[in-house]
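Chemist:
2 protein chains.
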Amino acid sequence: MKYPIGAKKNTNHYNSYGNRGMGLENDIEISNNFYLQNNIAVVHKKPTPITIAKVDYPSRLEAIIKEGYFRTPSTTDYNGIYKGKYIDFEAKETTNKTSFPLSNIHDHQIKHLEMIHNHGGIGFIIVRFTKLNHTFLLQFEKLKHFLQTSKRKSIPLEYFKNYGYIIKDKYNPRVDYIEIIDNLYFNGGTYEE
Amino acid sequence: MKYPIGAKKNTNHYNSYGNRGMGLENDIEISNNFYLQNNIAVVHKKPTPITIAKVDYPSRLEAIIKEGYFRTPSTTDYNGIYKGKYIDFEAKETTNKTSFPLSNIHDHQIKHLEMIHNHGGIGFIIVRFTKLNHTFLLQFEKLKHFLQTSKRKSIPLEYFKNYGYIIKDKYNPRVDYIEIIDNLYFNGGTYEE
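Respectively, the protein sequence lines represent chains A and B. Numbering follows this note's numbering, with no gaps: position 168 of the first sequence is 171. Numbering follows this note's numbering, with no gaps: position 128 of the second sequence is 131.
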C-alpha cells in the first residue's frame, strides 16, 4: 500500500478510543482514527441528525435535551478527503447470507452518491455480511449499474464478489478501505485482490 | 461567475425550504440548496453532534429521545465538493463591530482545517459582522498567517478587509461563497472584488 511519504504517527485528541463495542461502524471509526493519526486521510462520520423539540437549562452553562426525534439523514454517513480527492460513502451490515437488501440504503443517499460522482468525487458503499464475515467495497458506478440493469430488491452476494472488492481483516486499520481506494484511483487502476 | 456548463435547475426534495428564521446559518442553507438544485456544488451542514443518554419507545416504530447532551463538534460545520475539489468551512456571526473573537472557533476546528489544507482541500471560514452587515470569506492560509504572526485573541475587521473577500448580498444564492472560491481556485486566481 502506498501511503503518502512522510506519514508519521502523531498524538492528538483522536486517539482516546477503546474497544467500544463491535461491528462495522466501530471498525470504521477505528480505521478513520488510524488514518487521521497517521496523516493518511481525513474522514469523519457525520453525527446522527436529530430534531430537537425541547431543551432544559438547569443552569446557565448546562443544556439537556428533553425531547428529540431521529431524522432521516439527507446524505451518507461518511465523507472526507484522501490525496486531495473528495470521498463519500455509506456503510451497512446485513445478517443475510446470500444478498444485501437495498432497503438498507435510502433513495436520497443513492442520489447523493450520484451527485458526488458527477461532481468528480469518489463514492462507494461498504457492506458487511456479518454471518459470512465478509466486508466488501462497491464503487458507486457498480451500484448504479446494478440498479439500472436489475429489478431485484437486493444485491446478490455474487455481485459483490464479481464487481466489488473484499476488504481484508486487519489489526489496524481494521477496515482498510483506503488501501482499495488507493489502488483503484491512484495507482493507475491496477488493483488486484 | 463561471458555473459549470450544463448546470440547470432541477426539482428534487431539497427545495422545500421556507424562510425559517434569519441569520448566516439560514442564508448558507438557502445558498447550499441553490447550489444543489442547480447542480453547482454539493455542500451540506453536518448535524449537531448529540450524545443520547435515554430513548423511549412508545411504539414499535417510534423513538423519542428523552435525555441528550450537546457535544463539542470535532470538525467544522460544512463540507462538500465543488468542481471535483473538497471544500470545508466554518461559519460564524459576531455582533462585535471591530474584530472577530477567536473564541468563536475551537482549536480542533482550526486543526481540522489545517489537515484539510495539507491534504489538498480548500478550507476557509465565513464570518459575518452582523451590525456592519458585512460577510467575509477568509481562506485558511490567511487565518493561519494571522495566528502565526499575532498574539491577539481576535481578528481585527481590517484584517478581513485586507486579506479576506467580501461576500456580497444577493437574492439567491444569498451568501454566494462559491463565486469567490471559483475565482480564487478555478480562474487562475485572478480574483477581483
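From the three backbone atoms N, C-alpha and C, an ideal C-beta is built for every residue, glycine too. Just so it is clear, the structure is predicted and the values come from calculations on it, not from any experiment.
1) Do you know offhand how far VAL130 (chain B)'s Cα is from ILE158 (chain B)'s?
2) Can you tell me the Cβ-Cβ gap for LYS134 (chain B) and LYS156 (chain B), rounded? I've got them flagged as a contact below 8 Å.
3) Tell me the start and end of each unbroken beta strand (DSSP E) in the region 150–188 of chain B that is at least 3 residues and wholly inside, in chain order.
4) How far does the beta strand (DSSP E) with ILE128 (chain A) in it reach, from first residue to last?
5) Is there at least one Cβ from chain B nearer than 8 Å to GLU28 (chain A)'s Cβ?
6) How far does the alpha helix (DSSP H) with SER102 (chain A) in it reach, from first residue to last?
7) Using a beta-carbon distance cut-off of less than 7 Å, what residues from the region 52–66 of chain A approach chain B?
8) Taking 8 Å as the threshold (beta carbon to beta carbon), is PHE73 (chain B) in contact with chain A?
9) Whole angstroms are fine: how far does the CA of LEU64 (chain B) sit from the CA of GLU117 (chain A)?
10) Of the residues that make up the region 81–105 of chain A, which ones have a beta carbon closer than 9 Å to any beta carbon in chain B?
11) Would you say PRO50 (chain A) faces chain D, with C-beta separation under 8 Å as the test?
12) Nearest by alpha-carbon distance to ILE119 (chain B): which of B:GLU96, B:PRO104, B:LYS147 and B:ASN136 is it?
13) For GLU93 (chain A), is the classification buried or exposed, using 16 other Cβ atoms within 10 angstroms of its Cβ as the cut-off for buried?
14) Within the 8 Å Cβ cut-off, does ILE108 (chain B) reach chain A?
15) Pick out the complete beta strand (DSSP E) segments inside the region 49–122 of chain A, 3 residues or longer, and give them in chain order.
16) Does the beta-carbon of VAL178 (chain B) have 16 or more other beta-carbons within 10 angstroms, so that it is buried, or is it exposed?
17) Since LEU3 (chain B) is in the beta strand (DSSP E), which residue starts that stretch and which ends it?
18) Leaving out the 5 sequence neighbours to the left and right, which residues in its chain are closer than 6 Å to TYR89 (chain B) when beta-carbon positions are compared?
19) Going along chain A, which residues have a C-beta under 9 Å from LYS69 (chain B)?
20) Please check if any C-beta of chain A sits within less than 8 Å of the C-beta of VAL45 (chain B).
21) Does the Cβ-Cβ distance between HIS128 (chain B) and ALA44 (chain B) come in under 8 Å?
22) With a threshold of 8 Å between beta-carbons, can GLY167 (chain B) be considered close to chain A, or not?
23) Take LEU27 (chain A) and list the residues in its own chain whose beta-carbon comes closer than 6 Å to its own, dropping the five residues that flank it on each side.
24) Cβ closer than 8 Å: which chain B residues qualify as neighbours of ILE119 (chain A)?
25) Under 6 Å Cβ to Cβ from ASP59 (chain A), same chain only, skipping five residues before and after it: list those, please.
26) Going by the CB atoms, is the gap between LYS86 (chain B) and PHE149 (chain B) shorter than 8 Å?
27) Under 8 Å between the Cβ atoms of ASN82 (chain B) and ASN82 (chain A)?
28) Is the beta carbon of PHE73 (chain A) closer than 8 Å to that of ILE55 (chain A)?
Modeler: Taking the geometry as given:
1) Cα to Cα, the separation comes out at about 11 Å.
2) Contact flag wrong, Cβ pair sits at about 20 Å.
3) As far as the region 150–188 of chain B is concerned, its whole beta strand (DSSP E) runs of at least 3 residues are 157–159.
4) Its beta strand (DSSP E) spans residues 125–132.
5) Under the 8 Å criterion on CB atoms, GLU28 (chain A) is classed as non-interfacial with respect to chain B.
6) No alpha helix (DSSP H) contains SER102 (chain A), which is instead part of the beta strand (DSSP E) from 102–104.
7) Of all residues in the region 52–66 of chain A, PRO52, ILE53 and ALA66 have a Cβ within less than 7 Å of some Cβ in chain B.
8) At least one C-beta of chain A is nearer than 8 Å to the C-beta of PHE73 (chain B).
9) Spanning the two alpha carbons is a distance of roughly 30 Å.
10) Cβ contacts with chain B: ASN82, GLY83, ILE84, TYR85, LYS86, GLY87, LYS88, TYR89, ILE90 and ASP91.
11) Although the question refers to chain D, the structure presented lacks it and instead comprises the protein chains A and B.
12) Measuring C-alpha to C-alpha distances from ILE119 (chain B) to each of B:GLU96, B:PRO104, B:LYS147 and B:ASN136 identifies B:LYS147 as the nearest.
13) By the Cβ neighbour-count rule, GLU93 (chain A) is buried, with 16 or more other Cβ atoms within 10 Å of its own.
14) With 8 Å as the cut-off, ILE108 (chain B) does not count as an interface residue toward chain A.
15) Here the runs fully enclosed are 53–62, 65–73, 81–85, 88–97 and 102–104.
16) A buried status is given to VAL178 (chain B), since no fewer than 16 other beta-carbon atoms sit within 10 Å of its beta-carbon.
17) The first residue shown for chain B is 4 and the last is 196, placing residue 3 (chain B) beyond what the model contains.
18) Correct list, in chain order: GLY124.
19) Here the neighbours are ILE68, LYS69, GLU70 and GLY71.
20) Judged by the 8 Å Cβ criterion, VAL45 (chain B) is in contact with chain A.
21) Position check: residue 128 (chain B) holds Ile in this sequence, whereas His was assumed. No.
22) Chain A contact via Cβ: absent.
23) The beta carbon of LEU27 (chain A) is closer than 6 Å to those of ALA94, GLU96 and ARG131 in its chain, skipping five residues each way along the sequence.
24) The contact set of ILE119 (chain A) on chain B, defined by CB atoms closer than 8 Å, consists of VAL45 and ILE84 in chain order.
25) Within the same chain, and ignoring the five residues on either side of ASP59 (chain A) in sequence, the residues whose Cβ sits closer than 6 Å to its Cβ are ILE67 and LYS69.
26) Cβ atoms of PHE149 (chain B) and LYS86 (chain B): not closer than 8 Å.
27) Taking 8 Å as the Cβ cut-off, ASN82 (chain B) and ASN82 (chain A) qualify as a contacting pair.
28) Between ILE55 (chain A) and PHE73 (chain A), the CB-CB gap reaches or exceeds 8 Å.
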